[in-house]
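One structure below.
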Amino acid sequence: MKAFTFERAASVAAASAQAARLPGAKFIAGGTNLLDLMKLEVEAPSHLIDINSLGLDRIEPVSDGGLRIGALVRNTDLAAHMRVRRDYGVLARALLAGASGQLRNKATTAGNLLQRTRCPYFYDTHQACNKRQPGSGCSALTGASRSLAVVGGSDQCIATHPSDMAVAMRLLDATVETQRSDGGHRRIPIADFHRLPGSTPSIESTLEPGELITAVTLPPPIGGKHFYRKVRDRASYAFALVSVAAIVQRDGRGRIALGGVAPKPWRSEAAEADLQAGARSVTAKLLADAHPTADNAFKLHLAERTLDAVLAEARS
Amino acid sequence: METCNDLCITRRDLLIVGATSAAVVANGADAAQPASPAPAAPSPPPASVVTFRVNGQSHRLELDNRTTLLDALREHLHLFGTKKGCDHGQCGACTVICDGRRINACLTLAVMHEGGAVTTIEGLGQPERLHPMQAAFVRHDGYQCGYCTPGQICSAVAVLDEIKAGVPSHVSPDLAGRPLLSAEELRERMSGNLCRCGAYSNIIEAITEVAAKAAA
Chain A
94 MKAFTFERAA SVAAASAQAA RLPGAKFIAG GTNLLDLMKL EVEAPSHLID
144 INSLGLDRIE PVSDGGLRIG ALVRNTDLAA HMRVRRDYGV LARALLAGAS
194 GQLRNKATTA GNLLQRTRCP YFYDTHQACN KRQPGSGCSA LTGASRSLAV
244 VGGSDQCIAT HPSDMAVAMR LLDATVETQR SDGGHRRIPI ADFHRLPGST
294 PSIESTLEPG ELITAVTLPP PIGGKHFYRK VRDRASYAFA LVSVAAIVQR
344 DGRGRIALGG VAPKPWRSEA AEADLQAGAR SVTAKLLADA HPTADNAFKL
394 HLAERTLDAV LAEARS
Chain B
43 METCNDLCIT RRDLLIVGAT SAAVVANGAD AAQPASPAPA APSPPPASVV
93 TFRVNGQSHR LELDNRTTLL DALREHLHLF GTKKGCDHGQ CGACTVICDG
143 RRINACLTLA VMHEGGAVTT IEGLGQPERL HPMQAAFVRH DGYQCGYCTP
193 GQICSAVAVL DEIKAGVPSH VSPDLAGRPL LSAEELRERM SGNLCRCGAY
243 SNIIEAITEV AAKAAA
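So the sequences go chain by chain: A and B. Add 93 to a position in the first sequence, counting from 1, and you land on the number used in this note's numbering. Add 42 to a position in the second sequence, counting from 1, and you land on the number used in this note's numbering.
Right, here's the structure in full:
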């Protein structure tokens, strides 16, 4: 691990301003992903700003009937919160499908949105990776790509976003609230938060330098049956090959988002309008622009069948 | 362990001694050439002071910022019960209970725990007065080589607290209800602790026994 200086942030505004002032600075909250990457020197911040004592760890109702989740709310607490379990079941289910008990106790809401891909070539500093080292190439394109993206990637990068929670947040149309380094604030719809790789795979979100996530807000609950079905290589504690987040209403209409298939949670409002027509119709539209490799083409079938299983469960 | 603190030379100590000898040799060479300036001493890596409690005892440490909680426990406080397995949060051997919650000590910096309270396996029990979970692991043969065991036990103690607090899991059938104390629940909740000897079934029996006694 490279050496770094360390400070405990005194306020949200000061943390943001400091991060913008020091180019090599990073925020640290749970640290479960960042420290892992620092040990491998995939990440090498010169300065860490510990934001754990900023009081961003509350879950509070919003006047419109929604829920405001502080950036530092731990995954365990979010999944266990009674409002989340009752009104946003897909979010509780997605959180509980991710990581291990130990990691969920540390991992935060904002950190989960910002976690980096588990593409093996991103982790291996001896391999070419445009995300880790812009311009170096992408070993994954001709390498072992079984776990990687089938849609939304580019000829520069086919990494997937690893989060389960983010898929549920996208399904629920969450809003990311931030503090900017100039003292201002922003509200970013989750659909616009993560960026596709295109020619700049190293830029993964629309956050600006120093911008700090302060909360994630959920709109009022929309009812329906909630599902998060995750398919992986072992029954627990593994990343998704494919996951389906769904809210299905009594009339068969609803919302669908996929995890494990793309560089960001994958949802299309046009595709989910076909939900009553069945899984094949939805995934045909949702994955119409897919460019799978020979190794991961199975994900197209797996996505359809997983959605089919979810819809069958919704009908039962 | 006190004896060991006095007598053991750690690999780190050996490296420090080695580096000092090398510096002495280099300075000696410089002394033969009085015209050359003294070499600049390398600046020490950035460090911070942190104060936290471990097993009820307060410690004030000045640590290289890079020191994980795991390394602080093992290398600085000489609490060798907590194990380093993968050092990447994948195996759970380093599980400790921090402010009442189980965490991977390898994936957190010691300097992030200012004012915190850590319980390690040494704090749960000692050979002469085992924690009920330790005794159950012995009774049920919940280990073979024993390397993962401290992490398994810290995790298991916290799992029972989590179930008691009503925290749901991936396999809880009803999010609104209270989680059950089933083998399926325990297996899911213990999935962050790997045991390459494969003592899993005995581990689940040990935890089940402790849970049943606590409920009785």
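Each residue gets a CB set at the ideal place from its N, CA and C atoms; glycine is no exception. Since this is a predicted model, take the numbers as computed values, not measurements.
For a contact defined as C-beta to C-beta under 8 Å, what are the partners of residue i on chain C?
i: Arg-101/A; result: No chain C is part of this structure, whose protein chains are labelled A and B.
If you follow the beta strand (DSSP E) that residue i is part of, which residue opens it and which one closes it?
i: Leu-305/A; result: 305-311
i: Phe-320/A; result: 318-324
i: Phe-99/A; result: 98-101
i: Leu-351/A; result: 347-352
i: Gln-99/B; result: 99-106
i: Thr-376/A; result: That residue, Thr-376/A, is in no beta strand (DSSP E); its alpha helix (DSSP H) goes 372-379.
i: Lys-125/B; result: First-last for Lys-125/B: undefined, no H or E at that position.
i: Lys-119/A; result: 118-121
i: Phe-94/B; result: 89-96
i: Gln-272/A; result: 268-272
i: Val-213/B; result: Segment: none, Val-213/B is in no beta strand (DSSP E) and carries neither H nor E.
i: Ser-336/A; result: 335-341
i: Ile-281/A; result: 278-282
i: Ala-159/B; result: 159-161
Just to confirm the assignment, what range does the alpha helix (DSSP H) spanning residue i have?
i: Pro-213/A; result: 213-216
i: Asp-401/A; result: 391-408
i: Cys-196/B; result: 191-206
i: Val-180/B; result: 174-181
i: Thr-250/B; result: 242-257
i: Ile-296/A; result: Counting along the chain, Ile-296/A falls outside any alpha helix (DSSP H), and DSSP gives it neither H nor E.
i: Arg-288/A; result: First-last for Arg-288/A: undefined, no H or E at that position.
i: Ile-139/B; result: Ile-139/B -> not in any alpha helix (DSSP H); beta strand (DSSP E) instead, spanning 137-140.
i: Arg-26/B; result: Outside the modelled stretch of chain B, which goes from 43 to 258, sits residue 26/B, for which no answer is possible.
i: Val-105/A; result: 105-114
Going along chain A in order, which residues have a C-beta closer than 8 Å to the C-beta of residue i?
i: Gly-127/B; result: Chain A residues near Gly-127/B: none, gap ~12 Å exceeds 8 Å.
i: Gly-234/B; result: Ala-192, Ser-193, Gly-194, Gln-195, Leu-196 and Tyr-330
i: His-118/B; result: Near His-118/B there are no residues of chain A at all, since even the closest Cβ is about 17 Å away, more than 8 Å.
i: Gly-134/B; result: Ser-193 and Gln-195
i: Val-201/B; result: Gly-194
i: Ser-197/B; result: Gly-194 and Gln-195
i: Pro-87/B; result: Ala-96
How close, in whole Å, do the beta carbons of residue i and residue j come, if the pair is a contact with beta carbons under 8 Å?
i: Asp-129/B; j: Lys-132/A; result: 7 Å
i: Asn-198/A; j: Arg-167/A; result: 6 Å
i: Leu-105/B; j: Ser-90/B; result: 7 Å
i: Arg-279/A; j: Thr-399/A; result: Actually they do not touch by this definition, with Cβ atoms about 34 Å apart.
i: Gln-195/A; j: Ile-145/B; result: 5 Å
i: Arg-211/A; j: Phe-332/A; result: 6 Å
i: Val-260/A; j: Ser-329/A; result: The pair is not a contact, with the Cβ atoms about 18 Å apart (cut-off 8 Å).
i: Ala-252/A; j: Pro-294/A; result: 7 Å
i: Glu-156/B; j: Val-92/B; result: 5 Å
i: Ala-364/A; j: Glu-397/A; result: Actually they are not in contact, since the Cβ atoms of Ala-364/A and Glu-397/A sit about 12 Å apart, beyond 8 Å.
i: Gly-63/A; j: Thr-310/A; result: Examination of residue 63/A is not possible in this model, given that chain A is present from 94 through 409 alone.
i: Ser-139/A; j: Thr-98/A; result: 7 Å
i: Phe-286/A; j: Val-403/A; result: Their Cβ separation, rounded to whole angstroms, is 25 Å, which puts Phe-286/A and Val-403/A out of contact at 8 Å.
i: Ser-256/A; j: Ser-233/B; result: So it is not a contact: roughly 18 Å between Cβ atoms.
i: Ile-340/A; j: Val-105/A; result: About 32 Å; that fails the 8 Å criterion.
i: Thr-218/A; j: Val-135/A; result: 6 Å
i: Leu-236/B; j: Gly-134/B; result: 6 Å
Whose Cβ in chain B lies nearer than 8 Å to the Cβ of residue i?
i: Phe-215/A; result: In chain order: nothing, as chain B lies at least about 14 Å away.
i: Ala-172/A; result: Val-209 and Pro-210
i: Met-94/A; result: Arg-108
i: Lys-132/A; result: Asp-129 and His-130
i: Leu-189/A; result: Pro-210, Ser-211, His-212 and Ser-214
i: Thr-185/A; result: Position check: residue 185/A holds Ala in this sequence, whereas Thr was assumed. Those within 8 Å of Ala-185/A in chain B are Pro-210 and Leu-217.
Identify the contact partners of residue i in chain A, using a Cβ-Cβ distance below 7 Å as the criterion.
i: Glu-230/B; result: Ser-329
i: Pro-84/B; result: Neighbours of Pro-84/B on chain A: none; closest Cβ ~11 Å, over 7 Å.
i: Ser-90/B; result: Phe-99
i: Ile-145/B; result: Gln-195, Asn-198 and Lys-199
i: Thr-137/B; result: Gln-195
i: Glu-227/B; result: Ordered by position in chain A, no residue passes the 7 Å Cβ test against Glu-227/B, which lies about 11 Å from the chain.
Who are the neighbours of residue i on chain B, taking C-beta pairs under 9 Å?
i: Arg-179/A; result: Leu-217 and Ala-218
i: Lys-318/A; result: Those do not exist, as Lys-318/A stays about 12 Å from chain B at its closest Cβ, beyond 9 Å.
Any heavy atom of the ligand MN inside 6 Å of the beta-carbon of residue i?
i: Arg-239/A; result: This structure simply doesn't include the ligand MN, nor any ligand for that matter.
Taking residue i as the query, report the chain A residues whose CB atoms sit under 9 Å from its CB, ordered along the chain.
i: Leu-151/B; result: Phe-99, Ile-121, Gly-124, Leu-128, Leu-141 and Asp-143
i: Glu-251/B; result: Under the 9 Å cutoff, chain A gives no residues; its nearest Cβ is about 20 Å from Glu-251/B.
i: Glu-170/B; result: In chain order: nothing, as chain A lies at least about 29 Å away.
In chain B, which residues lie less than 7 Å from residue i when you measure between Cβ atoms?
i: Gln-182/A; result: The identity of residue 182/A in the sequence shown is Gly, whereas the question assumes Gln. Those within 7 Å of Gly-182/A in chain B are Leu-217.
i: Thr-169/A; result: Val-209
Would you list, in sequence order, the uninterrupted alpha helix (DSSP H) runs of no fewer than 4 residues that lie entirely inside the region 240-266 of chain A?
258-264
Extract the residue ranges of the alpha helix (DSSP H) inside the region 135-204 of chain A, only unbroken runs of 4 or more that lie entirely within it.
168-173, 175-180, 182-189 and 194-199
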